[in-house]
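Below: the structure, in structure tokens.
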Amino acid sequence: MPGVEGFIYPNELELQWSVLIVLYPFITGLVAGAFILASLERVFNVQAVKPTYRLALLTALAFLLVAPLPLQLHLGHPERSLEMYLTPHTQSAMAMFGFVYLWYLMVVLVLEIWLDYRRDIVLKWRASTGISRLLYGAMALWSDNISESALKLDDRLGRALTVIGIPSAFLLHGYVGFIFGSIKANPWWSTPLMPIVFLFSAIVSGIACILLLYFVTCWLRRVPVDMPCVDTIAKYLYYAFLVDFSLEMLDLIHRLYEADESFRALDFMVKTRLFTSQIVLQIVLGTLVPLALLGLSQLVTFREKTRRALYVLAGSLTLMGIFAMRWNVVIGGQLFSKSFLGYTTYKMEFATREGLLPAIVLMILPFVILGVLIRLLPPWGHGEGDRGTHAQG
Amino acid sequence: MDQDRRTFLGQTGKLLVLTASAAIAWEHVLAGRPEEAPNYRATDHWWGMAVDIEKCIGCGTCVRACKTENDVPHEAFTFRTWVERYVVDPADYEHPKVESPNGGYDGFHEREVRDPNLKMFYVPKLCNHCAHSPCVQVCPVGATFESQDGVVLVDKSYCLGCRYCVQACPYGCRFIDPRTHTVDKCSLCYHRITKGLTTACCETCPTGARVLADLKDKNDPIHAFLREHKVQVLKPQMATGSKMYYNGLDGSVR
Amino acid sequence: MKPRASDYVHLVRMAGLFAVGITAFLVLRWLMVPADFGELGHYRTGAVPDNMARPIVYAGQAVCVECHADVAELRARGKHVRVACESCHGALAAHASNPDGQKPVRPDPRRTCISCHSANISKPKSFPQVVPEEHAPEGSCAACHAVHNPKIS
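Chains as they are written, first to last, in our numbering: chain S, 386 to 778; chain L, 126 to 379; chain R, 30 to 182.
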């Protein structure tokens with residue numbers, strides 16, 4: 386059989402989950418990570434990262450709106466997908482995730498963004514005409530009370546939401562990890578570490594994404610980069626990456642040491658079919674190099690220009706590395722046979738429903754949505770700080 | 126060589142009784158109304174299967190019968206049941222050579238190298254109808270379930286085609302039907318066993334290597350089978366509660 | 030500056046929106062979930078009779094014996110006693126429900142036998158097997174062996 390090496394169970398010839406299912410944890414990971422960065426400022430009062438606060442929230446929203454789309458394209462019967470909400474099987478991680486997603490979207494993100502932006506929304510409502518006026522009026526729920534006491538209320542509620550939001554973000558991406566980690570049939574996936582590894586790699590990818598977006602938006606707006614801000618973000622990226630790296634090393638060392646029945650098959654797979662994506666892209670270029678660059682920038686004080694270049698390079702490599710990690714988990718977990726005696730191949734097509742083209746479109750779409758959101762609800766506009774509602778007073 | 130008279134009479138007697146009840150059942154089968162079939166109470170049954178590796182000759186009749194009975198696609202590489210051939214070198218026990226050409230549909234060709242020192246045997250495989258099924262556990266909507274009589278079934282009109290259950294099955298017995306875009310797998314010929322017939326694979330197995338078992342029936346030969354043989358299930362460490370009991374299952378079987 | 034009632038208006042409206050959403054969801058649930066869902070377990074009870082309703086393609090040997098008792102009797106005396114009719118003759122439910130209209134195709138008197146009896150080192154040693162090219166290079170197996178009660182002759 387073409388593409389098969391050794392023995393596979395007959396039904397294992399074709400992979401079940403395609404590149405779209407690689408996209409899905411990558412996208413939800415960016416959401417969780419962006420939110421954690423935003424909450425650094427809100428809850429832990431890390432003032433330096435304020436310039437990215439609103440940008441991070443809008444980015445999280447843009448990505449979260451796109452997250453269900455790869456899943457819909459993948460389903461055999463997308464028209465039945467509502468069944469997950471109507472008759473969810475409470476023992477199924479996938480079903481319960483639907484509610485975690487809904488909770489996070491509606492209660493955490495949408496509410497928090499609304500509360501933070503409400504003053505600006507009302508001001509825009511008062512100042513606009515025509516369709517814009519209708520839109521902003523609806524967004525304000527036709528209440529134009531932006532008195533100090535009302536805004537203080539918003540601030541307190543917003544803060545409470547962020548406090549709830551942090552464990553919710555952990556739950557959001559930890560759950561995706563659990564969807565894989567709870568499958569005892571698949572030894573590449575089945576580990577209690579999976580939710581935590583997913584979570585920390587999500588945080589890393591989200592922080593890196595906001596870092597890069599901040600550079601891009603400053604460049605587009607022709608505004609100087611706030612160096613203390615990006616220095617702080619890079620610092621947190623470094624710390625998060627250290628934890629993520631340690632966790633992944635722990636998993637690897639554990640596997641090598643225990644060398645259970647699946648080890649030989651998995652080891653062979655990593656050294657052959659997964660070599661480029663795992664060793665080269667994920668570990669060396671995607672983890673070790675950015676870690677070295679970021680670590681270096683913590684030890685040595687470089688010039689501003691050097692630091693900026695370093696951060697952009699490290700951030701880009703990080704994003705590539707985390708995408709490779711998702712690929713290695715999802716695709717890697719299906720390349721070997723559950724008989725541990727053989728391997729199959731992933732034939733990714735281009736212009737089919739689950740091919741590369743829709744994957745590329747789905748990766749571009751969140752940035753388009755972000756563009757629209759930035760237009761509607763500019764993250765900056767009050768001068769330096771861009772603090773939003775909660776900075777008043 | 127003639128059978129002795131006692132066996133002959135016994136066989137004929139059994140046939141006559143079977144024939145009588147089959148005649149009644151057959152009319153209802155033709156009518157296509159299961160409610161009129163002799164009262165089938167699901168809670169009276171607990172279905173499994175006895176598979177005897179020592180009897181399997183790898184002829185592939187079961188694979189062909191299953192595809193015919195259950196309209197399993199031929200073109201797509203998908204199987205509700207299949208047969209594997211194991212070639213085990215006792216010196217390299219942990220790494221058997223296994224093959225399943227077209228799932229065993231056309232049987233197996235003679236091996237080119239006939240080394241008498243190697244251990245060889247066939248293993249028929251199918252859905253294990255697990256009592257603690259991991260595939261049922263992960264289905265997000267309840268489109269696969271274990272019936273009251275112990276058969277893991279698929280609700281094709283409800284399945285989303287998310288493929289989570291295919292990932293969760295340790296035995297590789299599930300697949301996506303490319304025509305309906307829903308999941309499909311061995312249903313233990315539920316449409317047959319609830320009408321007093323046996324499964325297509327058990328019916329056509331020429332050596333009696335596959336025999337349907339009703340564990341709640343105290344007269345079922347499965348009880349003697351389990352008592353008198355060294356029996357094993359596939360991947361016992363997964364604790365799936367598999368009800369396919371294999372006699373002669375070698376430790377090298379995956 | 031203590032908040033007045035009017036400061037809560039926008040929050041109340043948002044809460045109202047959520048309430049509307051949850052209600053809509055509950056109504057949708059009531060409308061769309063199949064009535065027989067969840068009776069026996071987390072599934073649609075109707076799926077059980079759905080699975081029972083497939084067409085029968087293999088009749089089962091008890092049905093064949095109803096008309097062909099003579100063959101069954103012959104078989105009962107020989108080594109093929111446990112081989113079901115449809116193992117060799119293929120699926121016969123169509124023939125059983127329309128015996129004259131649906132005549133089954135006679136199995137190939139060589140290939141059918143070879144599919145089980147061709148020698149293969151992987152088969153159990155006790156199973157009767159021959160190398161077809163050496164045993165009988167051509168011709169029908171039925172020429173020497175009465176297939177329903179195979180004799181060595």
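Note that the Cβ used here is the ideal one computed from N, Cα and C, for glycine as well.
Applying the 10 Å Cβ sphere with the 16-neighbour rule, what's the burial state of residue 179 (chain L)? Within the second sequence, the letter at position 54 stands for residue 179 (chain L). Its Cβ having fewer than 16 others within 10 Å, residue 179 (chain L) is exposed.
- Message: Measuring straight from C-alpha to C-alpha, what distance separates residue 369 (chain L) and residue 358 (chain L)?
- Response: Counting from 1 along the second sequence, the entry for residue 369 (chain L) is found at position 244. Counting from 1 along the second sequence, the entry for residue 358 (chain L) is found at position 233. If I take the Cα positions, the gap works out to 6 Å.
Point to revise | Distance, residue 284 (chain L) Cα to residue 403 (chain S) Cα | key: Indexing the first sequence from 1 puts residue 403 (chain S) at position 18. Indexing the second sequence from 1 puts residue 284 (chain L) at position 159. Whole-angstrom Cα-Cα distance: 19 Å.
Please decide whether residue 273 (chain L) counts as near chain R, where near means a Cβ-Cβ distance under 8 Å. Indexing the second sequence from 1 puts residue 273 (chain L) at position 148. Cβ-Cβ to chain R under 8 Å: yes for residue 273 (chain L).
Quick one: what's got a C-beta closer than 6 Å to residue 171 (chain R)'s C-beta in the same chain, skipping five residues either side? The residue given as residue 171 (chain R) occupies position 142 in the third sequence. If you ignore the 5 residues before and after residue 171 (chain R), its C-beta comes within less than 6 Å of the C-beta of 138, all in its own chain and listed in chain order.
Ignore the nearest five residues each way along the sequence and tell me which others in residue 175 (chain L)'s own chain have a CB closer than 6 Å to its CB.
Within the second sequence, the letter at position 50 stands for residue 175 (chain L). Cβ neighbours of residue 175 (chain L) within its own chain (closer than 6 Å, five residues either side excluded): 336, 338, 347, 350 and 370.
Which bits of chain L does residue 469 (chain S) rub up against, with CB to CB less than 7 Å? For this step, residue 469 (chain S) is matched to residue 84 along the first sequence. Under the 7 Å cutoff, chain L gives 265 and 266.
Candidates R:59, R:100, R:92 and R:65, of which the one nearest residue 175 (chain R) by Cα: Taking the third sequence and counting its residues from 1, one reaches residue 175 (chain R) at position 146. When R:59, R:100, R:92 and R:65 are compared, the shortest CA-CA separation from residue 175 (chain R) is found for R:100.
Hey, does residue 152 (chain R) have any beta-carbon neighbour from chain S nearer than 8 Å? For this step, residue 152 (chain R) is matched to residue 123 along the third sequence. Answer no: the Cβ-Cβ gap between residue 152 (chain R) and chain S never drops below 8 Å.
Item checked: Sequence-distant residues of its chain with Cβ nearer than 7 Å to residue 454 (chain S) (five each side left out) -> As a position in the first sequence, residue 454 (chain S) is number 69, starting the count at 1. Contacts found: 747.
| query | From L:316, L:275, L:327 and L:259, pick the residue whose C-alpha is nearest to that of residue 181 (chain L); which is it? | reply | As a position in the second sequence, residue 181 (chain L) is number 56, starting the count at 1. Comparing Cα-Cα distances from residue 181 (chain L) to each of L:316, L:275, L:327 and L:259, the minimum goes to L:327.
Determine the burial state of residue 742 (chain S): buried for a count of at least 16 other Cβ atoms within 10 Å of its Cβ, exposed for fewer. Position 357 of the first sequence, counted from the first residue, corresponds to residue 742 (chain S). Classification for residue 742 (chain S): exposed.
TODO: Starting from residue 441 (chain S), trace the alpha helix (DSSP H) both ways and give me its first and last residue.
DONE: Sequence index remark: in the first sequence, residue 441 (chain S) carries index 56 (1-based). That run of the alpha helix (DSSP H) goes 438-451.
**Q.** Reduced DSSP category for residue 477 (chain S) - H, G, I as helix; E, B as strand; rest coil
**A.** Locating residue 477 (chain S) in the first sequence gives position 92, counting from the first residue. Three-state result, residue 477 (chain S): coil.
Practice task
Enumerate, from N- to C-terminal direction, the unbroken alpha helix (DSSP H) stretches of 4 or more residues contained entirely within the region 705-763 of chain S.
Solution key: Secondary structure remark: continuous alpha helix (DSSP H) runs of at least 4 residues inside the region 705-763 of chain S, in chain order: 717-720 and 741-761.
Item to check | Short-range partners of chain R found in the region 317-346 of chain L, where Cβ spacing is below 8 Å | outcome: 317, 319, 320, 322, 323, 325, 328, 329, 330, 331, 332 and 333
Worksheet item: For the region 299-316 of chain L, which residues have a CB atom closer than 7 Å to at least one CB atom of chain S, in sequence order?
Response: 299, 300, 301, 306 and 307
TODO: Report the option in S:547, S:723 and S:695 whose CA atom is closest to the CA atom of residue 363 (chain L).
DONE: Sequence index remark: in the second sequence, residue 363 (chain L) carries index 238 (1-based). Among S:547, S:723 and S:695, the Cα nearest to that of residue 363 (chain L) belongs to S:723.
Residues of chain L with CB closer than 7 Å to the CB of residue 41 (chain R), please, in chain order. Counted from its first residue, the third sequence places residue 41 (chain R) at position 12. Under the 7 Å cutoff, chain L gives no residues; its nearest Cβ is about 35 Å from residue 41 (chain R).
Please go through the same chain and pick out, in chain order, the residues whose beta-carbon is closer than 7 Å to the beta-carbon of residue 715 (chain S), but skip the five residues on each side of it. Locating residue 715 (chain S) in the first sequence gives position 330, where the first residue counts as 1. Excluding sequence positions up to five before and after residue 715 (chain S), its CB lies within less than 7 Å of the CB of 402, 406 and 407, all in the same chain and listed in chain order.
_Please tell me whether residue 706 (chain S) and residue 594 (chain S) are closer than 8 Å, where the distance is taken between their beta carbons._
Residue numbering aside, residue 706 (chain S) sits at position 321 when the first sequence is read from its first letter. Residue numbering aside, residue 594 (chain S) sits at position 209 when the first sequence is read from its first letter. No; because the gap between Cβ atoms is not below 8 Å, this pair is not in contact.
Please list, in chain order, the chain L residues whose beta carbon lies closer than 8 Å to that of residue 402 (chain S). Numbered from its first residue, the first sequence carries residue 402 (chain S) at position 17. Residues of chain L passing the Cβ test: 288 and 292.
Pairwise C-alpha distance: residue 365 (chain L) and residue 536 (chain S): Numbered from 1 along the first sequence, position 151 holds the residue referred to as residue 536 (chain S). Numbered from 1 along the second sequence, position 240 holds the residue referred to as residue 365 (chain L). Going from the Cα of residue 536 (chain S) to the Cα of residue 365 (chain L) covers about 57 Å.
Next item on the list: Taking C-beta pairs closer than 9 Å, name the residues in chain S that residue 62 (chain R) reaches, listed in chain order.
Entry: Your numbering for residue 62 (chain R) matches position 33 in the third sequence. Correct list: 468, 471 and 472.
Residues bridged to residue 224 (chain L) (per DSSP): As a position in the second sequence, residue 224 (chain L) is number 99, starting the count at 1. Residue 224 (chain L) is bridged to L:210.
Handout entry: Whether residue 247 (chain L) touches residue 479 (chain S) by CB criterion (8 Å)
Key = Stepping through the second sequence from its first residue, residue 247 (chain L) is reached at position 122. Stepping through the first sequence from its first residue, residue 479 (chain S) is reached at position 94. Contact check for residue 247 (chain L) against residue 479 (chain S) fails: the beta carbons are separated by 8 Å or more.
- Message: In the DSSP output, what is residue 172 (chain L) paired with across the bridge?
- Response: The residue you call residue 172 (chain L) lines up with position 47 of the second sequence. According to DSSP, residue 172 (chain L) bridges with L:339.
Span of the alpha helix (DSSP H) around residue 259 (chain L): Position 134 of the second sequence holds residue 259 (chain L). Where residue 259 (chain L) is concerned, the enclosing alpha helix (DSSP H) stretches over 259-263.
If you draw a straight line from the alpha carbon of residue 331 (chain L) to that of residue 489 (chain S), how long is it in whole angstroms? Along the second sequence, read from residue 1 onward, the residue named residue 331 (chain L) stands at position 206. Along the first sequence, read from residue 1 onward, the residue named residue 489 (chain S) stands at position 104. Whole-angstrom Cα-Cα distance: 59 Å.
Kindly indicate which three-state DSSP category residue 178 (chain L) falls into: helix, strand or coil? Residue mapping note: residue 178 (chain L) aligns to position 53 of the second sequence, counting from 1. In the structure shown, residue 178 (chain L) sits in coil (DSSP, three-state: anything other than H, G, I, E or B).
If you check the beta carbons only, do residue 591 (chain S) and residue 579 (chain S) fall under 8 Å apart? If you number the first sequence from 1, residue 591 (chain S) lands on position 206. If you number the first sequence from 1, residue 579 (chain S) lands on position 194. Not closer than 8 Å, so no.
inquiry  = Any beta carbon from chain S within less than 8 Å of residue 36 (chain R)'s own beta carbon?
reply    = To locate residue 36 (chain R), count along the third sequence from 1; it is residue 7. With 8 Å as the cut-off, residue 36 (chain R) counts as an interface residue toward chain S.
### Query
Could you check where the alpha helix (DSSP H) with residue 627 (chain S) kicks off and where it finishes?
Counting from 1 along the first sequence, the entry for residue 627 (chain S) is found at position 242. Per DSSP, residue 627 (chain S) is one residue of the alpha helix (DSSP H) stretching across 612-643.
| request: Quick one: give me the first and last residue of the alpha helix (DSSP H) that residue 564 (chain S) is part of. | output: Translated into the one-based positions of the first sequence, residue 564 (chain S) becomes position 179. Residues 533-566.
Going by Cα to Cα distance, which pick from S:386, S:708 and S:438 is closest to residue 763 (chain S)?
Against the first sequence, residue 763 (chain S) aligns to sequence position 378. Answer by Cα proximity: S:438.
Sequence-distant residues of its chain with Cβ nearer than 6 Å to residue 124 (chain R) (five each side left out): Position 95 of the third sequence, counting from 1, holds the residue named residue 124 (chain R). Excluding positions up to five away in sequence, the list reads 131 and 133.
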